Amino acid sequence: HAALHRALYEYQGPVAVRYPRGGELAFREDTMANNVAVVRAGSDITIVSYGILLNEAISAAQMLQENGFSTEIIKLNELTGGYEEALASVRKTGRVVVAEECVEAGCVAQTFALALSEAGVFPRAFRAVNLGNRFIPQASVRELYARYGIDANGIADAAREALKHD
Numbered sequence: 035h036a037a038l039h040r041a042l043y044e045y046q047g048p049v050a051v052r053y054p055r056g057g058e059l060a061f062r063e064d065t066m067a068n069n070v071a072v073v074r075a076g077s078d079i080t081i082v083s084y085g086i087l088l089n090e091a092i093s094a095a096q097m098l099q100e101n102g103f104s105t106e107i108i109k110l111n112e113l114t115g116g117y118e119e120a121l122a123s124v125r126k127t128g129r130v131v132v133a134e135e136c137v138e139a140g141c142v143a144q145t146f147a148l149a150l151s152e153a154g155v156f157p158r159a160f161r162a163v164n165l166g167n168r169f170i171p172q173a174s175v176r177e178l179y180a181r182y183g184i185d186a187n188g189i190a191d192a193a194r195e196a197l198k199h200d
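Numbers given in my numbering equal positions in the sequence shown, counted from 1, plus 34.
As structure tokens, this is what we get:
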């Protein structure tokens with residue numbers, strides 16, 4: 035409700051309001067009071083995500099925990115900046131994976147990489163997990179997530195690669 039209130043009464047100009055679909059999602063906590071929310075605290079790597087893909091990031095963190103890695107999950111509630119908590123997380127862990135359900139051109143990972151650089155935060159490893167720059171054919175969401183590596187397995191694999199950098 036806080037985000038809708040801000041959209042209606044505090045912002046000037048157009049805003050986009052997203053309506054979540056899929057009531058079976060694992061993450062249900064209301065984090066909309068802030069631009070960025072720490073969903074899970076960790077110390078080895080940061081995974082930044084937003085929207086429905088956050089559930090895949092949470093599952094990836096559970097997989098990584100089974101491998102002995104502590105994963106911090108950052109949820110972006112606004113995609114246009116105000117990343118201070120996310121920057122602090124990457125400063126702490128030294129490694130980051132940005133997981134998103136979009137094409138690469140103009141993605142949040144690019145914006146976040148610039149924000150890191152401007153803040154003087156240079157992680158040992160940075161991975162962007164997204165659909166790349168290609169045409170995406172018709173298929174079920176599950177099939178597409180697996181095919182393009184944006185499911186929990188793909189996110190965990192990207193994190194494992196990032197964790198190899200010391």
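A virtual CB, placed ideally from N, CA and C, is assigned to each residue, including glycine. Note that the coordinates shown come from a computational prediction; the quantities given were computed from them, not determined experimentally.
DSSP puts residue i in a beta bridge; with which residues?
i: I86; result: BP columns for I86 are empty, so no partner.
i: H107; result: Note on identity: in this sequence residue 107 is Ile, with His being the wrong assignment. I107 is bridged to R74 and I81.
i: R161; result: V131
Using the beta-carbon count (16 or more within 10 Å), is residue i buried or exposed?
i: L148; result: exposed
i: Y45; result: exposed
i: G57; result: Residue confidence for G57 is low, a pLDDT of 49 falling below 50, so the modelled location carries little weight; the figure read from the coordinates is stated next. By the 10 Å Cβ count, G57 comes out exposed.
i: V49; result: exposed
i: I170; result: exposed
i: T80; result: buried
i: E118; result: exposed
i: S151; result: exposed
i: E177; result: exposed
i: E90; result: buried
i: D200; result: exposed
Using CA coordinates, which residue listed in the options is at the minimum distance from residue i?
i: G140; options: E119, N164, F160 and R158; result: N164
i: K34; options: G116, E106, I184 and E134; result: Nothing about residue 34 can be read from this structure; the chain reaches only from 35 to 200.
i: V70; options: F160, L110, R194 and A190; result: L110
i: I92; options: E195, G154 and D185; result: D185
i: A95; options: T114, G188, D200 and G128; result: G188
i: Y182; options: E195, R168, A120 and G128; result: R168
i: G115; options: C136, Q99, A122 and T145; result: T145
i: E138; options: S123, A122 and G166; result: G166
i: R40; options: E100, R129, E112 and D200; result: E112
Residue i and residue j look like a contact to me (Cβ under 8 Å); what is the Cβ gap, rounded to whole Å?
i: V132; j: A143; result: 4 Å
i: V265; j: A120; result: Residue 265 lies beyond the stretch modelled for the chain, which goes from 35 to 200, so this question has no answer here.
i: R161; j: A180; result: Contact flag wrong, Cβ pair sits at about 18 Å.
i: A196; j: A159; result: 4 Å
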